[in-house]
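According to my numbering, the stretch in the sequence shown is residues -12 to 108, in order.
Just so you know, even glycine gets a beta-carbon here, dropped at the ideal spot from N, CA and C.
Since the structure comes first, as structure tokens, the remarks are kept for the end.
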Amino acid sequence: MAHYEHVFLARQDLSQAQVDALAASATEIIEANDGKVTKTETWGLKNLAYKIDRNRKAHFVLLNIDGPGSVVAELERQTRINEDVIRYMTIRMDEPEEGPSVMMRKNDRDRKKRSDREERS
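Here it is in structure tokens:
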């Protein structure tokens, strides 16, 4: 089985429940095509470097996938059709990433720095 990372950006005007529903529908597509989602991370609403379809922000979601290439082809086809997704990217990985992603580790590190600063004040 091949390992993939699939990241998609959802429109800024969606609620968190709608973003979670998008991730759940992507998981259903993967599992229906003999794939497996090993990890799902929601990175939250983040600023974009430039406007995409009149959006300055987007909800970021990461899915780690194990499965054949046909799973990715079907997932990307369905993602392309969905109007709530403004961008997506799928990358093949040599081996699956263990533990939290770099973005989640960055968020934890930033929270720790903020709490340390508040303690000093």
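Determine the extent of the alpha helix (DSSP H) in which residue 86 is found, giving its start and end residues. As a first step, residue 86 must be located in the sequence shown, where it is residue number 99. Note, residue 86: premise wrong, no alpha helix (DSSP H); not H, not E.
Just to confirm before moving on: does the CB-CB distance between residue 25 and residue 51 stay below 8 Å? As a position in the sequence shown, residue 25 is number 38, starting the count at 1. As a position in the sequence shown, residue 51 is number 64, starting the count at 1. It is a contact, given that the beta carbons lie within the stated cut-off.
Residue 31 in three-state terms, based on DSSP: Residue numbering aside, residue 31 sits at position 44 when the sequence shown is read from its first letter. Three-state DSSP puts residue 31 in a strand.
Just checking residue 100 against the ligand MN - is the residue's beta carbon closer than 7 Å to any of the ligand's heavy atoms? The ligand MN is absent from the structure shown, which contains no ligands of any kind.
From 29, 28, 44, residue whose alpha carbon lies closest to that of residue 35: Numbered from 1 along the sequence shown, position 48 holds the residue referred to as residue 35. Nearest option by C-alpha distance: 44.
How about residue 9 and residue 58: are their beta carbons less than 8 Å apart? Within the sequence shown, numbered from 1, the residue matching residue 9 stands at position 22. Within the sequence shown, numbered from 1, the residue matching residue 58 stands at position 71. No. Outside cutoff.
Can you give me the Cβ contacts of residue 6 inside the same chain, cut-off strictly under 8 Å, excluding the 5 residues immediately before and after it? Working through the sequence shown from its first residue, we reach residue 6 at position 19. Here the set comprises -3, 29, 46, 48.
Rounded straight-line distance, which links the Cα of residue 96 to that of residue 12: Residue 12 sits at position 25 when you count from the first residue of the sequence shown. Residue 96 sits at position 109 when you count from the first residue of the sequence shown. Whole-angstrom Cα-Cα distance: 31 Å.
Are residue 103 and residue 54 closer than 8 Å when you measure CB to CB? For the purposes of this step, residue 103 is identified with residue 116 of the sequence shown, where counting begins at 1. For the purposes of this step, residue 54 is identified with residue 67 of the sequence shown, where counting begins at 1. No, Cβ-Cβ distance for residue 103 and residue 54 is not below 8 Å.
For a quick check, are the C-beta atoms of residue 39 and residue 74 less than 8 Å apart? Locating residue 39 in the sequence shown gives position 52, counting from the first residue. Locating residue 74 in the sequence shown gives position 87, counting from the first residue. The answer is yes: Cβ separation under 8 Å.
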